[in-house]
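What follows is a single structure, written as C-alpha cells, with notes after it.
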Amino acid sequence: MNALVTCCIATKLKLRAICHLKISKLPQEGVAEEISGNTGNKYSYLKDGDKIVTEGATLKVFHTPGHTTDHMILYLEEENAVFSGDCILGQGTAVFEDLFTYMKSLEVILNLSPHLIYPGHGPAVEEAVTKIKEYIEHRNTREKQILEGIGRRP
2 MNALVTCCIA
12 TKLKLRAICH
22 LKISKLPQEG
32 VAEEISGNTG
42 NKYSYLKDGD
52 KIVTEGATLK
62 VFHTPGHTTD
72 HMILYLEEEN
82 AVFSGDCILG
92 QGTAVFEDLF
102 TYMKSLEVIL
112 NLSPHLIYPG
122 HGPAVEEAVT
132 KIKEYIEHRN
142 TREKQILEGI
152 GRRP
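For the sequence shown, this note's numbering puts the final residue at 155, and the numbers step up evenly by one.
If you want it as C-alpha cells, here you go:
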C-alpha cells in the first residue's frame, strides 16, 4: 500500500470518528438548533452549573457571557484552575459583545479565586486573581475615559 492510500484511509477513519463525536456547548441565544461544521452533528447542550466528570478531573461549567452570548469557562476543581476560553487571555485583553455582561462574568470568575488560568490564547496565567482584577480595572478605566471623552462624568 503506498503512502497516499495509507494517508487517505487514515484520514477517512479520523473523519468517521469525528462524525460520531459528542460535541457539547452552551446554547447560542436566539438559535433553536445548531449543527457542527461539516460533520452534520447536532450539539448537545450544557447549562450553567453542569459538571463533566472523568478520571482525575471534574470540570464545572460556568456561563460567562460578554465575549459572546454562549461563552463559558470550565473550572477544574482538582487544580482550582479555570479554562477561560476567550474571556481572559494569556496576553492582552479580550474583545466582547456586551460590556455589562462581560464585567459580570469577570466577577463570577474572580469569585472562584482560581490559582491558574488556562486561556484560549496565549500562555497560562499563574497569578490568576491578579490578572482578573487587572482586566476589571482596565475596562473600568476605559469606560471612564470614554465617558470623559464625550463630556459626561461617571
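Backbone N, C-alpha and C define an ideal beta-carbon position, used for all residues, glycine too.
All values reported here derive from a predicted model rather than from experimental measurement.
Using beta carbons (cut-off 8 Å, strictly below), is residue i in contact with chain B?
{"i": "residue 26", "result": "No chain B appears in this structure, which consists of one protein chain only."}
Could you check which residue in the options has the C-alpha nearest to that of residue i?
{"i": "residue 72", "options": "43, 91, 103", "result": "103"}
{"i": "residue 97", "options": "62, 59, 140", "result": "140"}
{"i": "residue 58", "options": "50, 65, 76, 30", "result": "76"}
{"i": "residue 136", "options": "122, 101, 107, 74", "result": "107"}
What does residue i pair with, by DSSP beta-bridge criteria?
{"i": "residue 86", "result": "120"}
{"i": "residue 45", "result": "25"}
{"i": "residue 73", "result": "64"}
{"i": "residue 55", "result": "58"}
{"i": "residue 126", "result": "118"}
Alpha carbon to alpha carbon, how far is residue i from residue j?
{"i": "residue 94", "j": "residue 150", "result": "21 Å"}
{"i": "residue 91", "j": "residue 56", "result": "27 Å"}
{"i": "residue 25", "j": "residue 67", "result": "20 Å"}
{"i": "residue 146", "j": "residue 69", "result": "24 Å"}
{"i": "residue 124", "j": "residue 48", "result": "27 Å"}
{"i": "residue 81", "j": "residue 117", "result": "7 Å"}
{"i": "residue 62", "j": "residue 78", "result": "11 Å"}
{"i": "residue 99", "j": "residue 143", "result": "14 Å"}
Can you say whether residue i is buried or exposed, counting buried as having 16 or more other CB atoms within 10 angstroms of its CB?
{"i": "residue 89", "result": "buried"}
{"i": "residue 54", "result": "exposed"}
{"i": "residue 122", "result": "exposed"}
(message) Does the structure place the stretch 42 to 52 close enough to the stretch 82 to 90 that three or more beta carbon pairs sit under 8 Å?
(response) no
(message) Assess contact between the stretch 124 to 133 and the stretch 108 to 115, defined as three or more Cβ pairs (one per stretch) separated by less than 8 Å. Is contact present?
(response) yes
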